[in-house]
Amino acid sequence: MPPPPRYPAPAPPQAPPRNSPVALLGTLVIVLGLVLVVAVAGRSADPVEGTAVAIPGLSEKTPGEPSQDQGPEPVWELGTNPLLDDGVVLPAVTCDLPRIGRSTDQLVAFYEAGMRCLDEAWEPVLRQVNEPFFAAGLEVTADAATRCGEAPPESEATAYYCPLDEVIYMPENRLLDTVGVDRASHLAVLAHEYGHHVQSLSGIMYAVADVSFAMPEGSPEELEMSRRVELQANCFAGLFIASAAGRGSVTISLSEAAMVDFRNTDGDDTHGSLDNQVTWARAGFEGEGTAACNTWTATPEEVS
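Structure below.
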């Protein structure tokens, strides 16, 4: 979600280009154990910095440790995660999205409808690869704290996701200030944040925490890891938007407007260059399946 054109959330091309949550959506993954993922609010010219938030209990959990019930388990792998195998394709879904407005009830209704549709798209693929699925929670209260820590400053984030409580935080005041009631922008931000939920469910987010634990905070290695996480969330968002495009409430024009949202931003060390942010979002939108979103096997240049 964006500072002066700053990603994670880009806004539709207008003059002057505003950073929509999608571009701005460039979510900040703060790693040290794993983290609060935020959509960067591109309103500030200052670089966005994240604070590492350790996840309680993460160090005690062993990757691949079998559960007692032997049900679907997250797989603590990155490039070889089953979710990213060839042939894993999101089904076509039909979203029924209400009109969006500035009231809390209208925003919640829009987000809840969007999340139901995201559930419908992502549950089958997670089930297909025997990874767990459950719906994410939603919180729209301003500056709501999370189990990952306090809410990031408004100057740094418009939306964020905490893998510890599996909640997508869409603070209504921040989003309305940033993108108003533009449906495409809200949909793009929501799809990006849900992409982090998918990373958490599949085990990718925990593998990131495991690998990143020994990396010095702010090091080139940690920053590259953050970019791979963020660019993959862009790609997952593109996959979903494509799966819903041209059906129900997500018209072709709305889907294209949502994709344009990834373009109105600036690049940075945590979210990637503008070209790469757009490229990965498009890779999902135009791809055949989740394998198109394997940022973990991409070259450093492709995630720069």
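The letter at position 243 of the sequence shown is residue 245 when you use my numbering, and the numbering goes up by one with no holes. Glycine is no exception: its CB is placed at the ideal position from the N, C-alpha and C atoms.
> Count the other CB atoms within 10 Å of the CB of Gly274; is the residue buried (16 or more) or exposed (fewer)?
Replying inline: Gly274 comes out buried.
> How many whole angstroms separate the CB atoms of Gly291 and Val90, which I take to be in contact at a CB cut-off of 8 Å?
Replying inline: About 5 Å separates the two Cβ atoms, so the contact holds.
>> I'd like to confirm the pairing. Which residues does DSSP put opposite Cys164 in its beta bridges?
In response: Per DSSP, Val169.
>> Nearest by alpha-carbon distance to Glu174: which of Gln201, Ala146, Ala186 and Glu122 is it?
In response: If we check each option's Cα against that of Glu174, Ala146 comes out closest.
> For Val305, which residues from the same chain have a beta carbon less than 7 Å from its beta carbon, with the 5 sequence-adjacent residues on both sides left out?
Replying inline: Around Val305: Glu226, Arg229, Arg230, Leu233, Gly274, Asn278 and Thr297.
> Can you name the start and end residues of the beta strand (DSSP E) that Leu140 belongs to?
Replying inline: That run of the beta strand (DSSP E) goes Gly139 to Glu141.
>> Using a Cβ-Cβ cutoff of less than 8 Å, which residues in the same chain neighbour Leu86 once the five nearest sequence positions on both sides are dropped?
In response: Apart from sequence neighbours up to five positions away, the residues of its chain that approach Leu86 with a beta-carbon distance below 8 Å are Thr292, Ala293, Cys295, Asn296 and Trp298, ordered along the chain.
>> Does Arg129 come out as helix, strand or coil in the three-state DSSP assignment?
In response: Three-state result, Arg129: helix.
>> Here's the rule: buried if 16 or more other CB atoms are within 10 angstroms of the residue's CB, otherwise exposed. What is Arg129?
In response: That one is exposed.
> Among Leu140, Gly103 and Ile102, which residue has its Cα nearest to the Cα of Leu120?
Replying inline: When only C-alpha atoms are compared, the closest one is Leu140.
> Sorted by chain position, which residues of the same chain lie with C-beta nearer than 6 Å to Ala244's C-beta, five sequence neighbours on each side aside?
Replying inline: Listed in chain order, the non-local C-beta contacts of Ala244 below 6 Å within the same chain comprise Phe287, local neighbours out to five positions each way being set aside.
>> Need the endpoints of the alpha helix (DSSP H) that Arg265 sits in, please.
In response: Here Arg265 belongs to no alpha helix (DSSP H), and DSSP marks it neither H nor E.
> DSSP beta-bridge partners for Val252?
Replying inline: According to DSSP, Val252 bridges with Arg249.
> How is the alpha helix (DSSP H) around Trp282 delimited, first residue to last?
Replying inline: Element bounds for Trp282: Leu276 to Glu288.
> Along the chain, which unbroken stretches of the alpha helix (DSSP H) at least 4 residues long are found entirely within the stretch 79-158?
Replying inline: Within the stretch 79-158, the complete alpha helix (DSSP H) runs of at least 4 residues are 106-130.
> Is it the case that the Cβ atoms of Ala235 and Trp78 are separated by a distance below 7 Å?
Replying inline: Ala235 places its beta carbon 7 Å or farther from that of Trp78.
> With distances taken from CA atoms, which of Ser204, Phe215, Ala283 and Ala247 is nearest Asp98?
Replying inline: Checking every option, the nearest Cα to that of Asp98 belongs to Ala247.
> Can you tell me where the alpha helix (DSSP H) with Pro301 in it begins and where it stops?
Replying inline: Before going further, note that residue 301 is Thr rather than Pro in the sequence given. Segment: none, Thr301 is in no alpha helix (DSSP H) and carries neither H nor E.
> Does the beta-carbon of Thr82 have 16 or more other beta-carbons within 10 angstroms, so that it is buried, or is it exposed?
Replying inline: Under a 10 Å Cβ-count criterion, Thr82 is classified as exposed, with fewer than 16 other Cβ atoms of the shown protein chains found around its own Cβ.
>> Could you give the first and the last residue of the continuous alpha helix (DSSP H) run that contains Ala186?
In response: Element bounds for Ala186: Arg185 to Ser204.
> Where Pro222 and Val213 are concerned, what is the direct C-alpha to C-alpha distance, given to the nearest angstrom?
Replying inline: Just so you know, the alpha carbons of Pro222 and Val213 end up roughly 14 Å apart.
> Quick one: what's got a C-beta closer than 8 Å to Glu133's C-beta in the same chain, skipping five residues either side?
Replying inline: Annotation for Glu133: Pro74, Glu75, Pro76, Val77, Pro84, Leu85, Leu203, Ser204 and Gly205 place their beta carbon closer than 8 Å to its own, counting only its chain and skipping 5 residues before and after.
> Between which two residues does the alpha helix (DSSP H) containing Glu174 stretch?
Replying inline: Segment Glu174 to Val181, the alpha helix (DSSP H) holding Glu174.
> What is the DSSP secondary structure of Ser221, counted as helix, strand or coil?
Replying inline: DSSP, read as helix, strand or coil, puts Ser221 in coil.
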